[in-house]
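Chains as they are written, first to last, in the working numbering: chain C, -13 to 316; chain Y, -13 to 316.
Read through the structure below, which is laid out as structure tokens, and then see the notes.
Number of protein chains: 2
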Amino acid sequence: MTLSLKEIAEIAGVSKTTVSMVVNGRGEHYRISAETREHVMRLVEEYGYSPNAQARSLRLRKTQTLGVVVPGLVNRFFAEFAERFDGAARAQGYQVFLTATNDDLPTEIEVVKNLLSRNIDGLVVASADSAGRWTPSNKYLAIPRVYIDRLVARPEASWVVSDDYDGAYRLVDELCRRGAREVYYIGGGPRISTSMDRRRGVQDALQTHRLEQRPEQILERGYDFRDGYAMAQQLHDQHPTPPEALFTGSMTLFEGVLQYLQEQAPLWLEHTRFATFGKQPMLDYLPGSIISAHQDVEKMVEATLELLLRQISGDTEIQQIKIPLKFVFR
Amino acid sequence: MTLSLKEIAEIAGVSKTTVSMVVNGRGEHYRISAETREHVMRLVEEYGYSPNAQARSLRLRKTQTLGVVVPGLVNRFFAEFAERFDGAARAQGYQVFLTATNDDLPTEIEVVKNLLSRNIDGLVVASADSAGRWTPSNKYLAIPRVYIDRLVARPEASWVVSDDYDGAYRLVDELCRRGAREVYYIGGGPRISTSMDRRRGVQDALQTHRLEQRPEQILERGYDFRDGYAMAQQLHDQHPTPPEALFTGSMTLFEGVLQYLQEQAPLWLEHTRFATFGKQPMLDYLPGSIISAHQDVEKMVEATLELLLRQISGDTEIQQIKIPLKFVFR
DNA sequence: CGAAACGACTAAATCCTTTTAGTTTAGGAG
DNA sequence: CTCCTAAACTAAAAGGATTTAGTCGTTTCG
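Below, the structure written as structure tokens:
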């Protein structure tokens, strides 16, 4: 059993107000004699009193709590983001509710609603739906929030994303510089902003290099491992010989592709040049040619937390930040 | 602005009690006429009322909140555990506070204290210190909790861990069956239970196969990438030719080792047989011989949540569960 | 007919803090 | 001696829910 403020006050023989003042040390227009302060403090320590956060935040209308909603944690980018964000937020006195939605919009909506009813102070979302095709509640619209990774069209709000267009462009540009004349594209769901931007980047780079773009060179499905596997299969079926170059929109997709190729078309692993989004230490040890681009997690965390805290402290300005990717040209 | 129960009651022209009853539908010894119920419900929908979780849990002494404390999320096992646990807990109506401690005991203690002051209903910890060399508060001792991955000596409590001893034994056994006569061990910090068990497994397997065990064959440091790198270096310095077999205690360690070997001793990658704990899809595409064992996350999540919920519902029995590992003998 | 039972509500207490608006005591100024 | 002020506290309200213990008519039963 933990004691309450009231009980401490009774034991100490002072009022609740006094104990509260001592514990919070907020002596604005109140003074407490050194004697009393010490007396109360001793009891607080002795009984290991710490304020009940429920009651506290009920009164203060502040929970010192943030919500982070991501598609999944097995995805290394989100894992790293979550881990760093958690640490940074904690350093600022916030505890984090972290939730994975599995990229499912109904789940996302349910989770956000739950978080809102818990009166979180701020919200970070990598949304499953960039188009914003659901009607947010007033409470949702009122809460400080930052979208990450994928920008969201509606409601108009702050976001921190990577420069996906530029990343895709430069990856494909590099493939071409290295001699590729035929680049295939395997990407995530066309309703997610990252997919759209990456695809545009790829296409513009091909255009710059005056390379042909046939519709069957563009495959889009989802960001899942199985999507990667399936698209590799589809590609292989329609084009049995190894293409010169293959671009995948995420590490998970790349893993799916790899799985298929190893099983059904190992020749590709030797002859095709790969470019992919995502980070993975083991890429360095794979045979074959692989270049990659990954998000600058540290900068993103920093920017996200700053935007969020600024909103929490009352600033209503909307800010939208695009962060450059990092490239590994092996 | 969201309305409160009181305001809804005023608009509806009924008491707070009635609204509360309608919303929670807990008509044990209270009845509410269909008419009133419908009337109130309409207003609740219209204004999008949902109860304030702070106030609710203050009264109920239940927060429908669980804490999960892990060393880090970039580690795939913890990421997968967290993701699945989050989903399973949400299905049971709990929201999860997830925190990464970076395997730092002071951080762990601080985080747990914070979670306790928020009155979480249950706690899951992969502790940075298996020896239990800190004094837990009464509140900590009283809260339903389950240790995972690493068991904790004190306080006596429920845990769900993998059968590390067996896993290490069988990996090394397999190495020996495949002809290895000399196995080196690279492991995590000797104060963490998983390290201790894995080491014992390795040593017992060597003994079974009547293989020599020199002290310099056993390296222990920590579970970090850099630890792996450093131990590989140390090993290479004292033994420049590729050893027949090398065991690493985690995927992160293996990655560190790989990094060093690729830079300084690429020959090893061809000639040494590797065995490692951990899961990583890309292992399948690496050249060389690698066998591995990884935790059965699904079963662990299931067991952990069940033990926790049972404790929350009042069962005080301590249960300690060891779950078999999964092996991939490539 | 009187008492008990029941249906349909409501008032007020409770959970634990924070904070506003006092209250009490002592000392100094006039 | 009275009045005022400062120092050091305290009482009570507020914050938003749940729940115990009623209240007040209307039926039902003996």
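No residue lacks a Cβ here, since even glycine has one placed at the ideal position from N, Cα and C.
Bear in mind that the values here come from a model prediction, so they are computed numbers and not experimental data.
(Q) Between Q220(Y) and chain C, is any beta-carbon pair separated by less than 8 Å? (A) Position 234 of the second sequence, counted from the start, is the residue given in the question as residue 220(Y). No, its Cβ sits nowhere closer than 8 Å to a Cβ of chain C.
Q: Leaving out five residues on either side along the sequence, give the residues of the same chain with a beta carbon under 7 Å from the beta carbon of P229(C).
A: Numbered from 1 along the first sequence, position 243 holds the residue referred to as residue 229(C). Closer than 7 Å at the Cβ level, and outside the excluded window around P229(C), lie E168, Y170 and T258.
Q) Can you name the residues of chain Y whose CB is closer than 8 Å to the CB of N38(C)? A) By one-based count along the first sequence, residue 38(C) stands at place 52. Neighbours of N38(C) on chain Y, chain order: L44, S103 and N105.
Q: Starting from M268(C), find everything on chain Y with Cβ-Cβ shorter than 8 Å and list it in chain order.
A: Your numbering for residue 268(C) matches position 282 in the first sequence. Within chain Y, the residues near M268(C) are E241, L244, Q266, M268, L269 and L272.
Q: Count the other C-beta atoms from every protein chain shown that fall within 10 angstroms of the C-beta of L255(Y), then say buried if there are 16 or more, exposed otherwise.
A: Within the second sequence, the letter at position 269 stands for residue 255(Y). It counts as buried.
Q. Can you tell me whether DSSP reads A(-5)(Y) as helix, strand or coil?
A. As a first step, residue -5(Y) must be located in the second sequence, where it is residue number 9. DSSP places A(-5)(Y) in helix when its eight states are reduced to three.
Q) To which residues does DSSP link G53(C) through a beta bridge? A) Position 67 of the first sequence, counted from the start, is the residue given in the question as residue 53(C). DSSP, once it has assigned bridges, lists F83(C) and L109(C) as partnering G53(C).
Q. How many angstroms separate the CA atom of S43(Y) from the CA atom of D115(Y)?
A. Locating residue 43(Y) in the second sequence gives position 57, where the first residue counts as 1. Locating residue 115(Y) in the second sequence gives position 129, where the first residue counts as 1. Answer to the nearest angstrom: the Cα atoms are 32 Å apart.
Q: Determine the chain Y residues that contact V30(C) at a beta-carbon separation under 9 Å, and present them in chain order.
A: Counting from 1 along the first sequence, the entry for residue 30(C) is found at position 44. The contacting residues do not exist; V30(C) stays about 13 Å from chain Y at best.
Q: Could you tell me if R301(C) is buried or exposed, where buried requires 16 or more neighbouring beta carbons within 10 angstroms of its beta carbon?
A: Within the first sequence, residue 301(C) is the residue found at index 315, counting from 1. It is Asp, not Arg, that sits at residue 301(C) in the sequence shown. With fewer than 16 Cβ atoms within 10 Å of its Cβ, D301(C) is classed as exposed.
**Q.** chain C residues whose Cβ lies nearer than 8 Å to that of T234(Y)
**A.** In the second sequence, residue 234(Y) corresponds to position 248, counting from 1. The premise fails here: T234(Y) is roughly 14 Å from chain C at the closest Cβ pair, so nothing lies under 8 Å.
Q.
Taking a contact to mean a Cβ-Cβ separation below 8 Å, would you say I106(Y) touches L52(Y) in this structure?
A. Working through the second sequence from its first residue, we reach residue 106(Y) at position 120. Working through the second sequence from its first residue, we reach residue 52(Y) at position 66. Yes, Cβ-Cβ distance for I106(Y) and L52(Y) is below 8 Å.
(Q) I need the DSSP call for H280(Y), collapsed to helix, strand or coil. (A) On the second sequence, residue 280(Y) is found 294 positions in, with the first residue counted as 1. DSSP places H280(Y) in strand when its eight states are reduced to three.
Q: Taking K125(C) as the query, report the chain Y residues whose CB atoms sit under 8 Å from its CB, ordered along the chain.
A: Here residue 125(C) is taken as the residue at index 139 of the first sequence, counted from 1. The answer, in chain order, is T(-12) and G34.
(Q) To the nearest angstrom, how far is the alpha carbon of S144(C) from that of F260(C)? (A) For this step, residue 144(C) is matched to residue 158 along the first sequence. For this step, residue 260(C) is matched to residue 274 along the first sequence. Answer to the nearest angstrom: the Cα atoms are 34 Å apart.
Q.
Judging by CA-CA distance, which residue of V147(Y), R104(Y), E198(Y) and Y155(Y) is the nearest neighbour of S179(Y)?
A. Stepping through the second sequence from its first residue, residue 179(Y) is reached at position 193. Nearest in C-alpha terms to S179(Y), of all of V147(Y), R104(Y), E198(Y) and Y155(Y), is V147(Y).
Q | Rounded C-alpha distance that separates A399(C) from S113(C) | A | Any question about residue 399(C) goes unanswered here, given that chain C covers just -13 to 316.
Q. Any C-beta of chain Y sitting closer than 8 Å to the C-beta of F260(C)?
A. On the first sequence, position 274 is the one that residue 260(C) refers to. No - not a single Cβ of chain Y is within 8 Å of the one on F260(C).
(Q) Please list, in chain order, the chain Y residues whose beta carbon lies closer than 7 Å to that of A65(C). (A) Residue numbering aside, residue 65(C) sits at position 79 when the first sequence is read from its first letter. Under the 7 Å cutoff, chain Y gives L59, V60 and A65.
Q: Determine which residues of the segment 63 to 95 of chain Y have a Cβ less than 8 Å from any Cβ of chain C, and write them out in chain order.
A: A65, E66, A68, E69, D72, G73, R76, Q81, V82, F83, L84, T85, A86 and N88
Q. Is D135(Y) buried or exposed, if buried means 16 or more other CB atoms sit within 10 Å of its CB?
A. On the second sequence, position 149 is the one that residue 135(Y) refers to. Flag for D135(Y) reads buried.
Q) Helix or strand or just coil, what does DSSP make of Q250(C)? A) Start at 1 with the first residue of the first sequence, and residue 250(C) comes out as number 264. If DSSP states are grouped into helix, strand and coil, Q250(C) belongs with the helices.
**Q.** Beta carbon proximity, Q224(C) to chain Y, threshold 8 Å
**A.** Walking along the first sequence from the start, residue 224(C) turns up at place 238. Answer no: the Cβ-Cβ gap between Q224(C) and chain Y never drops below 8 Å.
**Q.** Interface residues of chain C facing Q248(Y) [CB-CB closer than 9 Å]
**A.** Here residue 248(Y) refers to the residue found at position 262 of the second sequence. Result: D270 and Y271.
Q.
Which residues in chain C have a C-beta closer than 7 Å to the C-beta of A41(Y)? List them in chain order.
A. Taking the second sequence and counting its residues from 1, one reaches residue 41(Y) at position 55. Chain order gives the chain C residues near A41(Y) as L44, where near means a beta carbon separation below 7 Å.
Q: Establish whether the CB of N10(Y) and some CB of chain C are separated by less than 8 Å.
A: Counted from its first residue, the second sequence places residue 10(Y) at position 24. No, no contact with chain C.
Q | alpha helix (DSSP H) runs wholly inside the segment 6 to 35 of chain C, at least 4 long, in chain order | A | 20 to 33
Q) Who are the near neighbours of H25(Y) in its chain, counting only those whose CB is closer than 7 Å to its CB and skipping five residues on each side? A) Within the second sequence, numbered from 1, the residue matching residue 25(Y) stands at position 39. These residues qualify, in order along the chain: A(-2).
Q | Where the beta strand (DSSP E) containing G173(C) begins and where it ends | A | Indexing the first sequence from 1 puts residue 173(C) at position 187. Per DSSP, G173(C) belongs to the beta strand (DSSP E) from V169 to G173.
Q | Cβ contact check for the segment 172 to 188 of chain Y and the segment 204 to 212 of chain Y: 3 or more pairs under 8 Å | A | yes
Q: Report yes if the C-beta distance between I204(Y) and R185(Y) is below 8 Å; otherwise report no.
A: The residue labelled residue 204(Y) in the question sits at position 218 within the second sequence. The residue labelled residue 185(Y) in the question sits at position 199 within the second sequence. Contact: yes.
Q. Do you know how far the Cα of G58(Y) is from the Cα of N88(Y)?
A. The residue given as residue 88(Y) occupies position 102 in the second sequence. The residue given as residue 58(Y) occupies position 72 in the second sequence. Straight-line Cα distance between these residues: approximately 6 Å.
Q) Quick one: any contact between the segment 147 to 167 of chain C and the segment 120 to 131 of chain C, if contact means 3 or more CB pairs under 8 Å? A) These segments do not touch.
**Q.** Residues bridged to W120(C) [DSSP beta-bridge criterion]
**A.** Stepping through the first sequence from its first residue, residue 120(C) is reached at position 134. DSSP, once it has assigned bridges, lists no residue as partnering W120(C).
Q. Under 8 Å, do R62(Y) and Q266(Y) count as touching if we go by C-beta distance?
A. Position 76 of the second sequence, counted from the first residue, corresponds to residue 62(Y). Position 280 of the second sequence, counted from the first residue, corresponds to residue 266(Y). It is a contact, given that the beta carbons lie within the stated cut-off.
Q: Decide yes or no for the touch test of the segment 232 to 251 of chain Y against the segment 235 to 248 of chain C: beta carbon pairs closer than 8 Å, at least 3 of them.
A: no
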